[in-house]
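Trainee: Mind having a look at this structure? Questions to follow.
In the numbering used here, the protein residues as written are 140 to 732.
Here's what the structure looks like:
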């Protein structure tokens, strides 16, 4: 660990801490970006106007922080009173002078196991009550002293390898001995939410399946393997005491009693699911304990309404992924937008976007709070941008569906089940809108989303019985040959549900969006470009090549009256296909003095 903070920097941190409310969500000062999404609404919008349409073309790098650890840099920085806190690959954390990039302190994380879920990425920290909170890939929730980086408490929430059930040994010959990631190992990716004296975070890796990579990288270049039988883990969200780290409550995604639901034949908004309900009901008794390994990862930070005392979060796919024969029923509460009581974790309502899901359409993008326009007047609502290519609007108290946007992609065979011949479905498992945050401008009532257009082939395959091992069936997901694949930055009018404009990108869009009161939308690409668009027209007004794929959401903040824009450029496995590798740079921009 390195500490070289100057006295002035320490004083600035001290001043910042005076503004933090112990154990509660921090109200955003105009120049701050004090939490994931900037504030509890998860809007990823800033009121700053110093950088606007007229001058953004003059934006230049102000400073660059290099973490020294290359790859999968997906974090959204947090900025409080001139101090930036950022997590890096491997769950290391740095505090930086947000004006100059000077390192104030660093924390070096020492993982307790190498058996983690997926690559060692982390998507950000939370800051509150003089502490910096991080949830780690090796299953821990930690608190650091915001002045020094000293470890204050360390709560082991889960051992990633405990309960692991999926292996690739039986599939090795069929899969060509390709590198395998995944298995159902639990860990954390999301930035924590701090509210009501609680640090709230949920696990990933539950029911992920085996991710097999090839030279192109990513899910489209290899396969996601959902193995028939009892393979998976049970996802959960938990709250920890912000002062001590003690667990206060835990909510499990899979419903112990009645997770089969009503055997819905359509989605709640009326799209046919093409299910064999009779076959599922016939298999229900044999698989009555499927909920115990039923999946349901939690990818991103909940939105929070302090007045209602509710948090809103999306849940992931059921297990086994892409293979539903051994988990009959709706698989509650996977694939849902849910509302929980922030103090107790009690479920208030749920909206299951895809009952009995088989395509990898996790409800992954973080929900955001809006005021919806209805015939009866404005209604406080929560919005969620889905992998299926819609934005849903719900009334916050009851979950009642208020509206759904028009489809933001061209669907093909939506909800057609996997087959031995191979079924081409659009969107594929990366979805139309994945975990990347959607920015929302309340003044224009527009949401700005990175939308991926593409299809995948879902194929049921069989490994023959051998020795004492029975026949093994699984679903492989692969690239759909001949289908167009591209990304658009799309602006959606939430009043009408229609796209106002949509601009095709030069490479796959990633990291999420940032909107500002200066009339701008910032969006990253996996070929390394950070782009600034006119929020009214979508026209690109400025772009900069950051040297590695944009991995995390851009943010903006101000110090001493000067506005900055910051973004992590670390790439991901998906950037291999576009010719760009991974990196370690946090790039910060400002207008020339």
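Using N, Cα and C, we set each Cβ at its ideal position, and we do this for glycine too.
Predicted model, so just to flag it, every value in this text is computed and none were measured.
Could you tell me which of 704, 384, 710 sits nearest to residue 171, measuring between CA atoms?
Mentor: Nearest option by C-alpha distance: 704.
Trainee: Below 9 Å between beta carbons: does that hold for residue 653 and residue 646?
Mentor: Contact: no.
Trainee: Between which two residues does the alpha helix (DSSP H) holding residue 418 run?
Mentor: Looking at the DSSP string, the run of the alpha helix (DSSP H) that includes residue 418 is 416-422.
Trainee: Check whether the Cβ atoms of residue 502 and residue 440 sit closer than 9 Å, and answer yes or no.
Mentor: No, the Cβ-Cβ distance between residue 502 and residue 440 is not below 9 Å.
Trainee: For the stretch 492-509 and the stretch 420-429, state whether three or more C-beta atom pairs, one from each stretch, are separated by less than 8 Å.
Mentor: The stretch 492-509 is not in contact with the stretch 420-429.
Trainee: Please specify which runs of the beta strand (DSSP E), each continuous and at least 3 residues long, are wholly inside the stretch 177-257, giving them in chain order.
Mentor: Runs found: 199-205, 217-219, 222-226, 232-236, 242-246.
Trainee: Restricting to Cα atoms, I'd like to know which of 377, 418, 204 is closest to residue 708.
Mentor: With distances taken between Cα atoms, residue 708 lies closest to 204.
Trainee: DSSP state of residue 724, grouped into three classes?
Mentor: Correct three-state label for residue 724: strand.
Trainee: For residue 610, is the classification buried or exposed, using 16 other Cβ atoms within 10 angstroms of its Cβ as the cut-off for buried?
Mentor: Looking at its Cβ environment, which holds fewer than 16 other Cβ atoms inside 10 Å, residue 610 is exposed.
Trainee: How big is the Cα-Cα spacing for residue 167 and residue 371?
Mentor: Bear in mind that a pLDDT of 49 at residue 167, under 50, signals an unreliable position, so the model cannot answer this.
Trainee: My understanding is that residue 259 touches residue 228, with C-beta atoms under 8 Å, so please give their C-beta distance in whole angstroms.
Mentor: So it is a contact: roughly 6 Å between Cβ atoms.
Trainee: Pull up the distance between the alpha-carbon of residue 747 and that of residue 563, whole angstroms please.
Mentor: Residue 747 cannot be examined here, being either before or after the span of the chain that is shown, 140 to 732.
Trainee: Identify, in the order they occur along the chain, each residue of the same chain with its Cβ nearer than 8 Å to the Cβ of residue 393, setting aside the five sequence neighbours on each side.
Mentor: 373, 374, 430, 431, 433, 434, 435, 457, 470, 471, 472, 473, listed in sequence order.
Trainee: By the three-class DSSP mapping on this structure, what secondary structure does residue 432 have?
Mentor: Three-state result, residue 432: helix.
Trainee: Taking only three categories from DSSP, how would you classify residue 729?
Mentor: Note: residue 729 maps to strand in three-state DSSP.
Trainee: Is the closest heavy atom of the ligand NAP to the C-beta of residue 200 under 8 Å?
Mentor: As for the ligand NAP, it is missing from this structure, which has no ligand bound.
Trainee: Identify, in the order they occur along the chain, each residue of the same chain with its Cβ nearer than 6 Å to the Cβ of residue 517, setting aside the five sequence neighbours on each side.
Mentor: Correct list, in chain order: 510.
Trainee: Do residue 535 and residue 519 have their C-beta atoms closer together than 9 Å?
Mentor: Result yes, Cβ atoms of residue 535 and residue 519 sit closer than 9 Å.
Trainee: What separation, rounded to the nearest whole angstrom, lies between the Cα atoms of residue 255 and residue 342?
Mentor: Answer to the nearest angstrom: the Cα atoms are 12 Å apart.
Trainee: Can you tell which of 344, 282, 702, 268 has its C-alpha closest to the C-alpha of residue 194?
Mentor: The shortest Cα separation from residue 194 among 344, 282, 702, 268 belongs to 702.
Trainee: Roughly how many angstroms lie between the CA atoms of residue 666 and residue 169, to the nearest whole one?
Mentor: For residue 666 and residue 169, the distance between alpha carbons rounds to 32 Å.
Trainee: Could you give the DSSP three-state label for residue 495: helix, strand or coil?
Mentor: It is coil, neither helix nor strand.
Trainee: DSSP three-state call for residue 456: helix, strand or coil?
Mentor: Note: residue 456 maps to coil in three-state DSSP.
Trainee: If you draw a straight line from the alpha carbon of residue 553 to that of residue 566, how long is it in whole angstroms?
Mentor: Rounded to the nearest angstrom, the two C-alpha atoms are 8 Å apart.
Trainee: Could you please give the first and the last residue of the uninterrupted beta strand (DSSP E) stretch that includes residue 624?
Mentor: Unbroken run through residue 624: none, as it is neither H nor E.
Trainee: Could you give the C-beta distance for residue 233 and residue 225, rounded to a whole number, given that I count them as a contact under 8 Å?
Mentor: So it is a contact: roughly 6 Å between Cβ atoms.
Trainee: Straight-line CA distance for residue 386 to residue 336?
Mentor: Their backbone Cα atoms lie some 12 Å apart in a straight line.
Trainee: Looking at the unbroken beta strand (DSSP E) that takes in residue 409, where does it start and where does it end?
Mentor: Run containing residue 409: none; DSSP gives neither H nor E here.
Trainee: Report the rounded CA-to-CA distance for residue 720 versus residue 687, giving the unit in angstroms.
Mentor: Answer to the nearest angstrom: the Cα atoms are 6 Å apart.
Trainee: Rounded to whole angstroms, what's the CA-CA distance from residue 478 to residue 447? Just pull it up for me.
Mentor: Straight-line Cα distance between these residues: approximately 10 Å.
Trainee: Kindly list the residues whose CB is nearer than 8 Å to the CB of residue 239, restricted to its own chain and excluding five residues on each side of it in sequence; keep chain order.
Mentor: Same-chain partners within the cutoff: 202.
Trainee: Assign residue 295 to one of three DSSP states: helix, strand, or coil.
Mentor: If DSSP states are grouped into helix, strand and coil, residue 295 belongs with the strands.
Trainee: Check each candidate in 592, 181, 659, 696 and name the one with the smallest Cα separation from residue 648.
Mentor: Per the Cα distances, 592.
Trainee: Pair every Cβ in the stretch 577-586 with every Cβ in the stretch 630-639, then say whether three or more of these pairs are closer than 8 Å.
Mentor: Enough Cβ pairs lie closer than 8 Å, so yes.
Trainee: Which one or two residues does DSSP pair with residue 643 in a beta bridge?
Mentor: Residue 643 pairs with 627.
Trainee: Tell me where the beta strand (DSSP E) around residue 679 begins and ends.
Mentor: From DSSP, the beta strand (DSSP E) with residue 679 extends over 679-684.
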